[in-house]
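Enquirer:
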Amino acid sequence: MALVFFLFWMILNGRWTREVMLIGILVTFAAMLFTWKACEWSFKKEARLYLALPRVIGYVLTVIWEIVKANLNMCNIVYFGEAEAVTRIIHTRLTTRLGKMALANAITLTPGTISVTFQGDELTVHCLRPELAEGLDDLIFERKLLKIEEALHG
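See the structure below:
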């Protein structure tokens, strides 16, 4: 985190002089103190975040791939099929608010599905076709997010 703060300082400043670097180190130290106190940040949490980073990147790439596949499926539905809207309630095993929000957003970003409500562990999803609702039973998004939660929270 300190490296990110320092690089951000240097990029915003635009000059790479000794004085700017010294002030950058002081500003970085102050920002780290604030982060540790205000956000309850620690080296242990930061280390977990770095260890989970490959999983987060994998999740983002999976979301992009699923969006591409769903777009191709939607082209097929638009040109050759009819919409038969279905609403489905799914239960998630995710425990954090961030994980649940990421799941709902991934579903909404995927063409043909929209997350309508999320209460507790129940997510209501509106699907354009019944076959899209069938894929909600075993979501790859949820599996990947569970692995990220496990890496971050143990």
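The opening residue of the sequence shown carries number 1 in my numbering; numbering runs sequentially from there.
Beta carbons: idealized from backbone N, C-alpha and C, even for Gly.
Using the Cα positions of R48 and E150, report the straight-line distance between them to the nearest angstrom.
Expert: 10 Å
Enquirer: Run through DSSP, which three-state label would C39 get?
Expert: coil
Enquirer: Answer with buried or exposed for P130, where buried requires no fewer than 16 other C-beta atoms within 10 angstroms of its C-beta.
Expert: With fewer than 16 Cβ atoms within 10 Å of its Cβ, P130 is classed as exposed.
Enquirer: Using the Cα positions of T28 and E19, report the straight-line distance between them to the nearest angstrom.
Expert: The alpha-carbon separation between T28 and E19 amounts to approximately 14 Å.
Enquirer: What's the C-alpha gap between A125 and A104?
Expert: Before going further, note that residue 125 is Val rather than Ala in the sequence given. Whole-angstrom Cα-Cα distance: 9 Å.
Enquirer: Could you check whether the Cβ of A85 sits closer than 7 Å to any Cβ belonging to chain B?
Expert: Absence of chain B from the displayed structure is noted, only one protein chain being present.
Enquirer: Give the list of continuous beta strand (DSSP E) stretches no shorter than 3 residues that lie fully inside the stretch 108 to 148.
Expert: 113 to 119, 122 to 127
Enquirer: Can you list, in chain order, the residues of its chain whose CB lies under 7 Å from that of Y59, leaving out five sequence neighbours each side?
Expert: K144, L145, I148
Enquirer: Kindly indicate which three-state DSSP category R93 falls into: helix, strand or coil?
Expert: In this structure, R93 counts as coil in the three-state DSSP scheme.
Enquirer: Hey, T1 and E46 are a contact pair by Cβ (cut 8 Å); roughly how many whole angstroms apart?
Expert: Reading off the sequence shown, one finds Met at residue 1, where the question assumed Thr. Between E46 and M1 the Cβ distance is about 6 Å, and since that is below 8 Å, they are a contact.
Enquirer: Taking A2 as part of the alpha helix (DSSP H), name the residues at either end of that continuous run.
Expert: 2 to 13
Enquirer: Rounded to whole angstroms, what is the Cα-Cα separation between L168 and T62?
Expert: Only positions 1 to 154 of the chain appear in the structure, and residue 168 is not among them; the question remains open.
Enquirer: With a threshold of 8 Å on Cβ separation, who are the neighbours of G24 within its own chain once the five nearest residues in sequence on each side are excluded?
Expert: F6, W9, M10, N13
Enquirer: Quick one: residues in its chain with C-beta nearer than 7 Å to the C-beta of A70, no 5 flanking neighbours on either side, listed in chain order?
Expert: T110, P111, G112
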